Structures are given as C-alpha cells and as structure tokens.
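If you count by our numbering, then the sequence shown holds residues 73 to 305, one letter each, in order.
One structure is given below, encoded as structure tokens.
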Amino acid sequence: MDLSPKQIIQLAKKYNCRSIAFTYSEATTFYEYMFDISSLAHDEGIKTIYVSNGYISEKALLKLCSVLDAGSINLKSFSDEIYWKLNGCHLEPVLNTLKTLHQQGVWLEIINLIIPTYTDDYEMIKKMCNWITKNIGPDYPLHFSRFFPKYKLTKLPPTPVEVLLKAKSIAKKEGLHHVYVGNLPGECDKVICPNCQKAVIKRRGYSLLSVDIKEGKCRFCNQAVTGRWEIKI
73 MDLSPKQIIQ
83 LAKKYNCRSI
93 AFTYSEATTF
103 YEYMFDISSL
113 AHDEGIKTIY
123 VSNGYISEKA
133 LLKLCSVLDA
143 GSINLKSFSD
153 EIYWKLNGCH
163 LEPVLNTLKT
173 LHQQGVWLEI
183 INLIIPTYTD
193 DYEMIKKMCN
203 WITKNIGPDY
213 PLHFSRFFPK
223 YKLTKLPPTP
233 VEVLLKAKSI
243 AKKEGLHHVY
253 VGNLPGECDK
263 VICPNCQKAV
273 IKRRGYSLLS
283 VDIKEGKCRF
293 CNQAVTGRWE
303 IKI
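Here it is, written out as structure tokens:
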C-alpha cells in the first residue's frame, strides 16, 4: 500500500489504534516518513514507537525524540569486533542511542539476540547488563531472544534454552529488574514487582490475563513499577 502520513493517522483513528510502531524493516531508513507520521500522531494523542537497530546520528535522533514515546532497540552484541563481523557497524553509536533515548525521557526496551558462538559469552553478557544498569538504569526491560538458523547463519543451531535462562539469571544478578526471554513460549508472560516479587501483569501471548497495577504502582505492596501504563482489560 502507498499511504501518506495523513492517511496513516486516519486509519489509526478508524481502528482505534492507541499507538503506531515503526518496524520491519529498519525504521531509520524511512526516517522522514516516520517523523512526519509521528508529528501528526502526537497532535491526535496517538503514541509512537521506534523499533530499530539504534544506528542513527545523535542529531537525527534528538529531532525524532521530540515526537517519540518509546523505543525498542536491538543491542546486537557488547563486542565491537562481533558487531563489525555480523553487522558491518560499531557498538558505540548504538550505546549512544540508548543513552540519548533515556536522557530525552523516551521509554526504552532493549532486545539482545543470543547467537551461538557469537553472542552467547556469559562474561560479555554480564558486562552488557552492568553497563545497562549503570548508564540506563535497572527498570528498563531487557529481552533475550532465542536465535533460530536463518539466512546466512543456517549452519548454527538454535540457542539452547539453558543459555537463555542463564543469561536471564546473570542480568538479574547485575541488578536489572525486568528481564525476559523471547522466542520461547511461557517465558515472557509475567511482569514482576521489583519489591514484593509478585506478578503484577500476567499474559498469554498478546492477551492480558490479569493486571495488578494501579496508577503505576503494585496493588500488593504499593511499589512504583516503572513503565508507561494505560491498561484496560
């Protein structure tokens, strides 16, 4: 379909969409289109979400942040060497993107794909989680995704489940409050209160089963749970 930014907003309103996500393929490649849609969306009270590899200049990102509500950034490795080998780019610009989004008050979630023989190094995962805790904070969700052999990496096996669970354990020990395992059914179905450790959100797939958050706080212990809450079930 060939749709103008105005038509996108009209469709969002028609179907009562509360947000618009820019993804698949890399959102930065249609930056101007994304910016124009986001500008119109904000005028209509519609939220916008930037799903990206995070490889963008600071000047362009700062402009985008003025009309952006959330970002989901793929942090593909915590090694510059592996970044260059797998993606043909460098680590530092992506780390700068994470810091900029945080500083600009844009809600942020981080995705890390664990690829056997490339990014399944526990020490590297520990360093990554430590950096996130110190530079971004402990309350932003980190998703470890399971790799499946595709495209140019068909000779590699799927990520073993025990590796994903070990990575999750490392992240929790490094102080991150909300750590999830993706591409693994049953492992991303609860949001846990960082204080009382009770499940404040339960879901099955994309369906909400129960919500125990009121005005951004845990119903059980009144602890603030960082996020952007507008929940109706």
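C-beta: ideal position from N, C-alpha, C; glycine also.
As the structure is a computational prediction, the values presented were derived from the model and not from experiment.
Pair within 8 Å by beta-carbon distance, residue 124 and residue 145: Residue 124 places its beta carbon less than 8 Å from that of residue 145.
Helix, strand or coil for residue 85? Go by DSSP, reduced to three states. Correct three-state label for residue 85: helix.
Take every Cβ of the stretch 78 to 92, pair it with every Cβ of the stretch 130 to 137, and state whether three or more of those distances are shorter than 8 Å. Under the three-pair Cβ rule at 8 Å, the stretch 78 to 92 does not count as touching the stretch 130 to 137.
Starting from the C-beta of residue 107, find all residues in its chain whose C-beta is less than 8 Å away, skip the five residues before and the five after it, and write them out in chain order. The residues 135, 136, 139, in chain order, have a CB closer than 8 Å to that of residue 107 in the same chain once the five nearest residues on each side in sequence are set aside.
CB of residue 147 within 8 Å of CB of residue 184, strictly: Cβ atoms of residue 147 and residue 184: closer than 8 Å.
Which of the three DSSP states is assigned to residue 135 in this structure? The answer is helix: DSSP assigns residue 135 an H, G or I state.
Residue 235 and residue 204 - do their beta-carbons sit closer together than 8 Å? No, these two residues do not count as a Cβ contact at 8 Å.
Report back the beta-carbon spacing between residue 221 and residue 228 to the nearest angstrom; my notes put them in contact at under 8 Å. The beta-carbon distance between residue 221 and residue 228, rounded to whole angstroms, is 5 Å. This is short enough to meet the 8 Å contact definition.
Mind reading off the beta-carbon distance from residue 122 to residue 99? Whole number of angstroms is fine, and I expect it under 8 Å. Here residue 122 really is in contact with residue 99; their C-beta atoms are around 6 Å apart, less than 8 Å.
Apply the 10 Å Cβ neighbour rule to residue 141 and answer buried if 16 or more other Cβ atoms are within range, or exposed otherwise. Residue 141 comes out buried.
Here's the rule: buried if 16 or more other CB atoms are within 10 angstroms of the residue's CB, otherwise exposed. What is residue 200? Buried, because 16 or more other Cβ atoms sit within 10 Å of the Cβ of residue 200.
Residue 246 classed as buried or exposed, judged by whether at least 16 other C-beta atoms fall within 10 angstroms: In summary, residue 246 is buried, with 16 or more beta-carbon neighbours lying within 10 Å of its beta-carbon over all protein chains present.
Which residue comes first and which comes last in the alpha helix (DSSP H) that contains residue 208? For residue 208, no alpha helix (DSSP H) encloses it, and the DSSP letter there is neither H nor E.
Host alpha helix (DSSP H) of residue 292 (start-end): Unbroken run through residue 292: none, as it is neither H nor E.
Could you work out which residue in 290, 143, 154 is closest to residue 175 when comparing CA atoms only? For the set 290, 143, 154, the Cα lying nearest the Cα of residue 175 is the one of 143.
Could you tell me the boundaries of the beta strand (DSSP E) in which residue 109 lies? Taken as a continuous stretch (DSSP letters only), residue 109 belongs to no beta strand (DSSP E), being part of the alpha helix (DSSP H) at 103 to 115.
8 Å contact criterion, which residue 291 and residue 284 should meet: CB distance rounded: Cβ-Cβ separation between residue 291 and residue 284: approximately 4 Å, consistent with a contact (criterion under 8 Å).
Just reading off the alpha helix (DSSP H) that residue 159 is part of, what are its end residues? In the DSSP annotation of this structure, the continuous segment of the alpha helix (DSSP H) that includes residue 159 starts and ends at 152 to 159.
Please work out which residues of its chain come closer than 6 Å, Cβ to Cβ, to residue 182, disregarding the five sequence neighbours upstream and downstream, and give them in chain order. Only 145, 147, 214 meet the Cβ criterion.
Taking the C-alpha atoms as reference points, what is the distance between residue 243 and residue 192? Rounded to whole angstroms, residue 243 and residue 192 show a C-alpha spacing of 13 Å.
My assumption, with CB atoms under 8 Å, is that residue 89 sits in contact with residue 109. Please give the rounded CB distance. Residue 89 to residue 109, Cβ: 12 Å. No contact.
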